[in-house]
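Protein chains in written order, with this note's numbering: chain A, 1 to 285; chain B, 1001 to 1175. Glycine is no exception: its CB is placed at the ideal position from the N, C-alpha and C atoms.
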């Protein structure tokens, strides 16, 4: 029943305990294209929300109390924020985006990270947002529209074929499809459902290889998952290192060193108040 | 799905039916326009950098599902609707505005029209059948409506603003 047991010899016990026993903070990311953090906190506080900024980043707000759903305010509809886990915000922060860059988001839906990339680029440069599922490309589009993102090109395509575009990117985000065991507070079924880890890992491997091919020399790729399985995280990063990528230090102090790869980071509910998450920052030599 | 470049001056002229020319011109400064007449039925604005990438993609026969910032929902430029992201930007400029009370706001965000009794304040010149930009009492943009009359705050309680598009659309399209 408890699939986490399979990790008992590979992941510290306190981390597995934290995943099961502690609920992450409910957080929103402020869309600085449209509003400042101070103004948004003021507006939502007036509506009865109790909020504080997250220690990981000043644009992440923890909701301590909500009089009604955070997804049902006029501020939400106006695109002032998006509901997003703090660790997932950090994966975009780790890209260290600069205005004017060409960025690839390999698995874009539903668009939380795409809109964050747009925000960090201050609506300059170009983002190629790939998503294989037609319906889910539309969810990226609606989020981009709501959040006022003007620099995104949404493609319905399998990112494993991204080299066909003939483009080379300054930065790449690969938030890979995964077993999602880090989200079991929201999706307890991940513990009981049948998961084909071999297929997931083979997809992740193919995606990172495809990403490496289209990354410029000296370019940065962030690899992230909401999995806790070392084979989906450290294993894939090790594969990228074997392909000539260099694992570089994270920009943030958040998370704890990954297993055997101290420059990569693991986030947990008990360490950072986030879902279980993995982030590695890689540079093409 | 094919996107084609379209003449900006032509589009500005058309939008002048609904928005002052100087507002449209300002919003489209340094932007190029593309139109998709297929399923997507959108006219969008893109930066010059985006246009270059778009041209490279077109050579590879890759057509985006979406691109840039929507300006109009249209197939033919004859019938069109200003898109939400475009009117959101226009709402920060010199356009006719109405501030509506909480009850009117709630109904409007469900796609309903606006009753005169829920209008708190009107700013700028309202024209009959002209577009009015709606805000709530906290000054958050809610959408646009057509004015049925020049006078919105009439004593008789009747619907005076006909909903064109509201930000509640974003929730409705999530379903």
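- In the displayed model, residue 202 of chain A falls within a helix according to three-state DSSP.
- Here residue 277 of chain A carries a strand assignment [DSSP, helix/strand/coil].
- One finds 165, 166 and 167 in chain A with Cβ atoms closer than 9 Å to the Cβ of residue 1056 of chain B, taken in chain order.
- Residue contact check for residue 40 of chain A against chain B: no CB pair falls below 9 Å.
- Think of a sphere of 8 Å around the beta carbon of residue 1062 of chain B: the chain A residues whose beta carbon falls inside it are 155, 157, 164 and 165, in chain order.
- Contact annotation: the segment 208–216 of chain A touches the segment 162–174 of chain A, with at least three C-beta pairs closer than 8 Å.
- Residue 150 of chain A belongs to the set of residues whose beta carbon lies under 9 Å from a beta carbon in chain B.
- Of the candidates A:208, A:227 and A:169, the residue whose Cα lies closest to the Cα of residue 190 of chain A is A:227.
- Beta-bridge annotation (DSSP): residue 1005 of chain B is paired with B:1034.
- Contact with chain B is absent for residue 53 of chain A, since none of that chain's Cβ atoms lies less than 9 Å from the residue's Cβ.
- Rounded to whole angstroms, residue 1130 of chain B and residue 1018 of chain B show a C-alpha spacing of 7 Å.
- Residue 95 of chain A and residue 107 of chain A have their C-alpha atoms some 15 Å from each other.
- Not one beta carbon of chain B lies nearer than 9 Å to the beta carbon of residue 17 of chain A.
- Buried is the label assigned to residue 284 of chain A, since at least 16 other Cβ atoms lie within 10 Å of its Cβ.
- If only uninterrupted alpha helix (DSSP H) runs of at least 4 residues are considered, those enclosed by the segment 1077–1148 of chain B are 1084–1090 and 1102–1109.
- Under the Cβ distance rule, residue 124 of chain A counts among the residues neighbouring chain B, one pair being separated by less than 9 Å.
- Per DSSP, the unbroken alpha helix (DSSP H) holding residue 270 of chain A starts and ends at 269–272.
- Using a 10 angstroms sphere on the CB of residue 1172 of chain B, the tally of other CB atoms stays under 16, which defines it as exposed.
- Around the beta carbon of residue 58 of chain A, a 10 Å sphere encloses fewer than 16 other beta carbons of the protein chains shown; the residue is thus reported as exposed.
- If you draw a 10 Å sphere on the C-beta of residue 173 of chain A, you find 16 or more other C-beta atoms in it, and that means buried.
- With the rule of 3 Cβ pairs closer than 8 Å, the segment 80–89 of chain A counts as touching the segment 263–281 of chain A.
- Relative to residue 98 of chain A, the option among A:124, A:104 and A:105 whose CA is nearest is A:124.
- Closest option to residue 242 of chain A, judged by alpha-carbon separation, among A:270, A:208 and A:255: A:208.
- The Cβ atoms of residue 278 of chain A and residue 224 of chain A lie closer than 9 Å to each other.
- Residue 1003 of chain B sits close to residue 1054 of chain B, with the two beta carbons spaced by under 9 Å.
- When the beta-carbon positions are compared, residue 26 of chain A and residue 63 of chain A come within less than 9 Å of each other.
- Going by C-alpha positions, residue 157 of chain A is about 19 Å away from residue 1050 of chain B.
- A Cβ-Cβ contact shorter than 9 Å links residue 1126 of chain B with residue 1150 of chain B.
- For residue 138 of chain A, the nearest CB of chain B lies under 9 Å from its own CB, placing it at the interface with that chain.
- Taking C-alpha positions only, residue 1113 of chain B is separated from residue 1042 of chain B by approximately 25 Å.
- Residue state for residue 156 of chain A is assigned as strand, using DSSP reduced to three classes.
- Between the segment 1074–1083 of chain B and the segment 1018–1038 of chain B there are three or more inter-stretch CB-CB distances shorter than 8 Å, so the stretches are counted as touching.
- Per DSSP, the continuous alpha helix (DSSP H) segment holding residue 139 of chain A begins and ends at 134–147.
- Annotated three-state conformation of residue 167 of chain A is coil, per DSSP.
- Closest in C-alpha terms to residue 234 of chain A, from the list A:44, A:29, A:264 and A:253, comes A:264.
- With a cut-off of 8 Å on Cβ pairs, the segment 107–117 of chain A is in contact with the segment 141–158 of chain A, counting three or more such pairs.
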